[in-house]
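Colleague: Before I ask anything, here is the structure I am working with.
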Amino acid sequence: RHDYIYFAAVSPGSTKDTYLMEQGSFPNARKYLFKGFICLSGQHGVDAGAGRYIDALVDHDGGRDGWGFQSGTFVCSKKGYIGEVCDATELKKGKPFSEQTKQDLVYD
206 RHDYIYFAAV
216 SPGSTKDTYL
226 MEQGSFPNAR
236 KYLFKGFICL
246 SGQHGVDAGA
256 GRYIDALVDH
266 DGGRDGWGFQ
276 SGTFVCSKKG
286 YIGEVCDATE
296 LKKGKPFSEQ
306 TKQDLVYD
């Protein structure tokens, strides 16, 4: 609808040194459960998390009208919470992100 504006939602992934667990958002038991899960699944640094925002804006491959991803894309990890990113609609459970009728309902 707004061809002159680029929109993208970008997940920074599981990023260490952001102190999410220490901000008081989780009760103690849940906090330690999540910390254990994070240790098993891994994290990347703040620079990699910030790099995801740059990758969404910069077209490294050519052919995307100068942008890293098509406008309106939700950019997230291809697998797990760290590593390579993709358009969420490429994922098995990401198909709802491409349903135009649902996006139109949110817009209206």
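Per the numbering used here, the sequence shown starts with residue 206, numbered consecutively. Just so it is clear, CB atoms sit at the ideal spot from N, CA and C, and this is done for glycine as well. Computed from a predicted model, the values in this text were never measured in an experiment.
1. For Ser276, is the classification buried or exposed, using 16 other Cβ atoms within 10 angstroms of its Cβ as the cut-off for buried?
2. Count the other CB atoms, across all protein chains shown, that sit within 10 Å of the CB of Thr278; report buried if there are 16 or more and exposed otherwise.
3. Using the Cα positions of Ser219 and Asp292, report the straight-line distance between them to the nearest angstrom.
4. With a Cβ-Cβ cutoff of 8 Å, do Gly247 and Ile287 count as a contact?
5. Answer yes or no: do Leu262 and Gly273 have a C-beta to C-beta separation smaller than 8 Å?
Modeller: From the atom records:
1. Of the residues assessed, Ser276 falls on the exposed side of the cut-off, its CB having fewer than 16 other CB atoms within 10 angstroms.
2. Counting the other Cβ atoms within 10 Å of the Cβ of Thr278 gives 16 or more, which makes it buried.
3. C-alpha separation (whole angstroms): 17 Å.
4. Contact: yes.
5. If you check the CB distance, Leu262 and Gly273 come in under 8 Å.
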